[in-house]
Amino acid sequence: MPQLALKIDVDTYRGTCEGVPRLVETLKRHDVQATFFFTLGPDHTGRAIRRVFRPGFLGKVSRTSVLEHYGLKTLLYGTLLPGPDIGRNCAQILRSVRDAGFEVGIHCYDHIRWQDYVAGKDAEWTRREMQRAVDRFIEIFGIAPKAHAAAGWQMNRHALRLMQLLGFDYSSDTRGTHPFIPTWNAEIVDCPQLPTTLPTLDEIINREGITVENVAQHLLGLTANPPAMGHVFTLHAELEGGKWMPVFEQLIIGWKDQNYKLVSLRQYLENLKGTLPRNELVIGTVDGRSGTLAMQGK
Numbered sequence: 010m011p012q013l014a015l016k017i018d019v020d021t022y023r024g025t026c027e028g029v030p031r032l033v034e035t036l037k038r039h040d041v042q043a044t045f046f047f048t049l050g051p052d053h054t055g056r057a058i059r060r061v062f063r064p065g066f067l068g069k070v071s072r073t074s075v076l077e078h079y080g081l082k083t084l085l086y087g088t089l090l091p092g093p094d095i096g097r098n099c100a101q102i103l104r105s106v107r108d109a110g111f112e113v114g115i116h117c118y119d120h121i122r123w124q125d126y127v128a129g130k131d132a133e134w135t136r137r138e139m140q141r142a143v144d145r146f147i148e149i150f151g152i153a154p155k156a157h158a159a160a161g162w163q164m165n166r167h168a169l170r171l172m173q174l175l176g177f178d179y180s181s182d183t184r185g186t187h188p189f190i191p192t193w194n195a196e197i198v199d200c201p202q203l204p205t206t207l208p209t210l211d212e213i214i215n216r217e218g219i220t221v222e223n224v225a226q227h228l229l230g231l232t233a234n235p236p237a238m239g240h241v242f243t244l245h246a247e248l249e250g251g252k253w254m255p256v257f258e259q260l261i262i263g264w265k266d267q268n269y270k271l272v273s274l275r276q277y278l279e280n281l282k283g284t285l286p287r288n289e290l291v292i293g294t295v296d297g298r299s300g301t302l303a304m305q306g307k
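Just so we're aligned: the sequence shown equals residues 10 to 307 in the working numbering.
Put into C-alpha cells, the structure is as follows:
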C-alpha cells in the first residue's frame with residue numbers, strides 16, 4: 010500500500026485555536042494520521058507586510074484571499090496589535106493534539122522572523138532562534154522535540170547542521186520528490202529530509218483554471234500513479250483547518266480510494282525501505298509561491 014504523509018503547518022494564533030481542533034476532529038473521524046508542526050512563540054503575522062515587494066507576493070495574496078482566511082486581527086499582530094504568545098496561551102491545545110495520538114514537532118518559534126531572515130543569518134542567530142523553539146517545546150510537552158519542519162521552507166547551512174546536533178530523527182524543511190540525506194557543499198548532514206512532494210492548495214488555487222471547486226480533482230490526478238516512496242502533502246491549519254476543510258475531506262476520501270495509507274511523517278519514515286539517497290540541498294523557486302526556498306537538488 011503506497012504511503013501519503015500529512016504534514017500540518019500551524020503558523021498563527023488563530024490557526025492554533027480554531028484550525029487545529031477542527032483538523033484533529035476530522036482526522037480522527039476519517040481514522041487517518043498526520044504530524045502537526047507548531048509555531049511556539051509570538052504571532053507576528055502582520056510583519057509579513059515587508060514582503061510586499063517580493064516577486065509574486067501580491068499575486069499570491071490576491072489569489073488566496075488572505076483576509077478571509079486569516080482574519081483582520083491576525084494581519085495586525087506584531088504591528089498595530091501585540092502578537093499573542095502561541096505556546097504560552099495555547100499550551101493545552103498543543104498537548105491535546107499529542108494526547109489524541111498525533112505526532113507533534115517544531116515549526117519555529119517566531120514564524121515571520123524565521124521565514125524572512127534565516128536564509129541570511131549566521132550560526133549564532135540561527136542557534137538562538139532554534140533553541141527558543143526547543144526550550145518552549147520542552148516546556149509544553151516535557152520532552153525534547155524529535156521532528157522539525159522549517160517555516161516557509163527556509164533554511165541555511167547552520168540550521169541544517171542543528172537538525173543533526175539537536176538529535177532530530179528527521180526534518181521536513183524542503184520541497185522535492187523523495188526522502189533523502191541532505192548535503193550542503195559536500196558536507197553530509199545525518200538527518201533525513203522528508204520533502205513536501207505535492208503543491209499546496211494556496212500555490213495552485215486560482216491559477217491556470219484551478220478553483221476551490223476542482224482543486225481536489227487536480228491533486229488527485231497528480232497522485233493517481235503512486236511513486237515508489239509515496240508522497241508528502243503539506244496543509245495549513247489556517248486554510249484546510251478553516252474554509253478549505255471541505256477540500257481537505259475530498260482529498261482524504263480520494264486518497265483512500267486510490268489505496269493510499271495516510272500516515273504521520275514518523276510512520277512514513279519508519280516504513281521506507283532501503284538506504285536513503287544523498288542529495289544536495291539547494292535554493293530554488295516553486296510555482297505559485299513567492300521568493301526562494303530550500304529544495305532537493307541533485
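Yeah, the Cβ is synthetic: ideal placement off N, Cα and C, and Gly gets one too.
Would residue i be called buried (16 or more neighbouring beta carbons within 10 Å of its own) or exposed?
i	result
P188	buried
Q305	buried
M10	exposed
H240	buried
Q226	exposed
D52	buried
D40	exposed
Q101	exposed
L228	buried
L248	buried
I214	buried
I think residue i touches residue j, with their Cβ atoms under 8 Å apart; what is that distance to the nearest whole Å?
i	j	result
I121	G87	7 Å
V19	T25	5 Å
N165	V127	6 Å
W162	L290	Actually they are not in contact, since the Cβ atoms of W162 and L290 sit about 11 Å apart, beyond 8 Å.
G297	P208	7 Å
R23	T83	5 Å
Quick check: what's the CA-CA separation for residue i versus residue j?
i	j	result
I190	K307	12 Å
E258	G218	21 Å
T220	E77	16 Å
L174	A168	10 Å
V272	K16	9 Å
I262	Y269	10 Å
L13	M238	9 Å
R170	E222	42 Å
R275	L281	10 Å
V295	L302	8 Å
G176	A158	14 Å
Q124	K265	33 Å
Q140	L103	19 Å
D108	T284	32 Å
E133	V143	15 Å
L210	T186	17 Å
E212	K155	28 Å
K37	C99	21 Å
Could you give the first and the last residue of the continuous beta strand (DSSP E) run that contains residue i?
i	result
Q12	Q12 to V19
E309	Because the chain here runs from 10 to 307, residue 309 falls outside it and cannot be looked at.
M304	L302 to Q305
E289	R287 to G293
T44	T44 to T48
L271	K270 to V272
G114	E112 to C117
Got a sec, what are the start and stop residues for the alpha helix (DSSP H) residue i sits in?
i	result
T35	V29 to H39
R136	A132 to F150
T192	That residue, T192, is in no alpha helix (DSSP H); its beta strand (DSSP E) goes I190 to W193.
F257	M254 to D266
Q124	H120 to Y126
K82	L81 to L85
Q173	R166 to L174
N98	I95 to N98
Q226	V224 to L231
Meets three-Cβ-pair contact criterion under 8 Å: the stretch 143-150 and the stretch 179-195: no
Closer than 8 Å is the cut-off here; do at least three beta carbon pairs connect the stretch 229-244 with the stretch 192-202? Look at the beta carbons and you see the stretch 229-244 not touching the stretch 192-202: under three pairs across the two are nearer than 8 Å.
Tell me whether the stretch 100-117 and the stretch 40-48 touch, counting them as touching only if at least three CB pairs, one residue from each stretch, are closer than 8 Å. yes
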